[in-house]
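Undergrad:
Residue numbers (this note's numbering): 59 to 402.
Written out as structure tokens, the structure is:
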């Protein structure tokens with residue numbers, strides 16, 4: 059059954075988000091690696107005890123923690139440079155220890171040098187709310203990455219090397235590797251190739267090193283730019299049991315010029331997408347992603363402000379309810395039936 063999760067940063071200053079998620083009825087959290095408050099002297103975020111403390115922190119707040127969505131350093135690995143084996147050792151430790159504490163899915167990506175990119179973090183959407191935009195024309199004169207160009211062949215070779223090292227550890231630990239798409243799914247950017255940018259390339263990923271633990275994060279905002287028929291994409295990967303995690307969001311435009319939307323205001327039929335996840339038997343978690351900043355907010359964290367999350371969770375929960383899927387915690391789980399008093 060599809061379940062709603064929220065991304066809950068564990069660093070200080072996010073306490074109100076944790077409380078709001080609990081008040082909304084969210085039962086599942088997507089976590090980041092343990093921060094310094096959870097690491098003792100000499101401990102790394104991917105060590106066993108910090109991860110155990112992280113899981114316990116979520117449990118104490120009433121949340122299950124099925125997904126980690128942050129990563130040890132991996133840029134040397136992606137570029138195929140000296141030092142990559144040390145980076146991969148850290149990932150193997152993370153995967154092994156996630157298995158030990160019972161966190162089943164790791165969301166990672168293969169974007170070298172820089173992660174998701176936008177050219178405008180204050181693009182006006184409905185009613186003056188603010189969303190993010192990417193316009194590739196603004197990047198035409200951007201300099202090549204400080205670390206130099208990277209080819210697609212280099213990224214494919216380094217990915218295969220990485221998977222052959224890590225997947226046996228993941229299989230033993232019972233931890234799923236869920237590859238996130240490039241954002242934007244466009245190549246190259248600043249001289250750096252990107253390979254996780256098409257449905258065909260994601261199938262190549264799955265075939266590169268076959269494993270029950272080799273799968274994907276289906277980030278809808280990226281995949282819809284690859285192919286607008288999202289239900290077809292969901293069926294393609296879902297029937298292979300390769301969708302391990304979902305980001306639910308929507309965009310308007312093309313891969314070279316698009317902006318994000320409110321969850322109820324984009325071109326994608328989100329209800330049909332959710333119906334399709336249920337149809338293919340997806341049982342993982344999905345989280346709303348990249349919400350608008352609204353009245354009363356400062357837009358210091360574009361895409362991740364508080365009030366837009368409240369709207370997104372409520373909207374997605376309503377869509378799931380229409381499919382008979384009850385995804386949020388209820389204070390009163392059984393409906394109250396009111397009957398007429400018996401006649402005297």
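Backbone N, C-alpha and C fix where the C-beta goes; we use that ideal spot for every residue, glycine too.
Between residue 202 and the rest of its own chain, which residues show a CB-CB distance below 6 Å, the 5 nearest in sequence each way excluded?
TA: Against the chain shown, residue 202 aligns to sequence position 144. Only 248, 249 meet the Cβ criterion.
Undergrad: Please classify residue 115: is it buried, with 16 or more other beta-carbons within 10 angstroms of its beta-carbon, or exposed?
TA: As a first step, residue 115 is located in the chain shown; it is residue number 57 there, counting from the start. Counting Cβ neighbours within 10 Å, residue 115 comes out buried, since at least 16 surround it.
Undergrad: Which one or two residues does DSSP pair with residue 277 in a beta bridge?
TA: The count along the chain shown starts at 1 and reaches residue 277 at position 219. In DSSP, residue 277 forms a bridge with 305.
Undergrad: Throw me the rounded Cβ distance for the residue 91 and residue 76 pair, which I believe falls under 8 Å.
TA: Taking the chain shown and counting its residues from 1, the one referred to as residue 91 is at position 33. Taking the chain shown and counting its residues from 1, the one referred to as residue 76 is at position 18. Contact flag wrong, Cβ pair sits at about 17 Å.
Undergrad: Ends of the beta strand (DSSP E) at residue 331?
TA: In the chain shown, the residue the question calls residue 331 occupies position 273. Residue 331 -> not in any beta strand (DSSP E); alpha helix (DSSP H) instead, spanning 328-337.
Undergrad: Please report how far the alpha carbon of residue 364 lies from the alpha carbon of residue 351, in whole angstroms.
TA: Numbered from its first residue, the chain shown carries residue 364 at position 306. Numbered from its first residue, the chain shown carries residue 351 at position 293. So the alpha carbons of these two residues sit roughly 8 Å apart.
Undergrad: Residue 367 bridges to which residues according to DSSP?
TA: By 1-based counting over the chain shown, the position of residue 367 is 309. DSSP, once it has assigned bridges, lists no residue as partnering residue 367.
Undergrad: Please report the Cβ distance between residue 300 and residue 264, rounded to the nearest whole angstrom; I am assuming they are in contact, meaning their Cβ atoms lie under 8 Å.
TA: Sequence index remark: in the chain shown, residue 300 carries index 242 (1-based). Sequence index remark: in the chain shown, residue 264 carries index 206 (1-based). The pair is a contact, with the Cβ atoms about 6 Å apart (cut-off 8 Å).
Undergrad: To test your reading of the DSSP string, which unbroken beta strand (DSSP E) runs of 3 or more residues are found completely within the stretch 124-183?
TA: For the stretch 124-183, whole beta strand (DSSP E) runs of length 3 or above, ordered along the chain, are 163-166, 178-182.
Undergrad: At which residues does the alpha helix (DSSP H) containing residue 296 begin and terminate?
TA: The residue given as residue 296 occupies position 238 in the chain shown. Start and end: 288-296.
Undergrad: Using 8 Å as the threshold, is the stretch 284-294 in touch with the stretch 158-169, meaning 3 or more CB pairs across them?
TA: Touching, no, given that fewer than three Cβ pairs across the two stretches are closer than 8 Å.
Undergrad: Do you know offhand how far residue 285's Cα is from residue 326's?
TA: Position 227 of the chain shown, counting from 1, holds the residue named residue 285. Position 268 of the chain shown, counting from 1, holds the residue named residue 326. Spanning the two alpha carbons is a distance of roughly 11 Å.
Undergrad: With a CB to CB cut of under 7 Å and the five nearest residues on each side skipped, what residues in its chain are close to residue 101?
TA: Locating residue 101 in the chain shown gives position 43, counting from the first residue. Result list for residue 101: 107, 108, in chain order.
Undergrad: Note down the Cα distance separating residue 271 from residue 152, rounded to an integer number of angstroms.
TA: In the chain shown, residue 271 corresponds to position 213, counting from 1. In the chain shown, residue 152 corresponds to position 94, counting from 1. Whole-angstrom Cα-Cα distance: 15 Å.
Undergrad: Taking residue 259 as the reference, which of 295, 146, 234 has the closest Cα?
TA: Looking up residue 259 in the chain shown gives position 201. Ranking the options by Cα distance to residue 259, first place goes to 295.
Undergrad: Where does residue 99 land, buried or exposed, given buried means 16+ other C-beta within 10 angstroms?
TA: Locating residue 99 in the chain shown gives position 41, counting from the first residue. Answer is exposed; the Cβ neighbour count stays below 16.
Undergrad: Using DSSP with H/G/I as helix, E/B as strand and the rest coil, what is residue 250?
TA: Residue mapping note: residue 250 aligns to position 192 of the chain shown, counting from 1. Residue 250 falls in the strand class under three-state DSSP.
Undergrad: Is it a yes or a no for the stretch 311-329 touching the stretch 183-192, going by three-plus beta-carbon pairs under 8 Å?
TA: Contact holds: three or more Cβ-Cβ distances are below 8 Å.
Undergrad: Just the Cα atoms here: how many angstroms apart are residue 204 and residue 246?
TA: By 1-based counting over the chain shown, the position of residue 204 is 146. By 1-based counting over the chain shown, the position of residue 246 is 188. Cα to Cα, residue 204 sits roughly 15 Å from residue 246.
Undergrad: Check residue 185 in the structure and name its three-state DSSP category.
TA: Translated into the one-based positions of the chain shown, residue 185 becomes position 127. Helix, per DSSP.
Undergrad: Output needed for residue 210: all residues of its chain with C-beta closer than 6 Å, excluding positions within five of it in sequence on either side, in chain order.
TA: As a position in the chain shown, residue 210 is number 152, starting the count at 1. Same-chain partners within the cutoff: 251, 253.
Undergrad: Assuming residue 110 and residue 149 form a contact by the criterion Cβ under 8 Å, report the distance between their Cβ atoms to the nearest whole angstrom.
TA: Position 52 of the chain shown, counted from the first residue, corresponds to residue 110. Position 91 of the chain shown, counted from the first residue, corresponds to residue 149. Contact doesn't hold; Cβ gap of about 18 Å is too wide.
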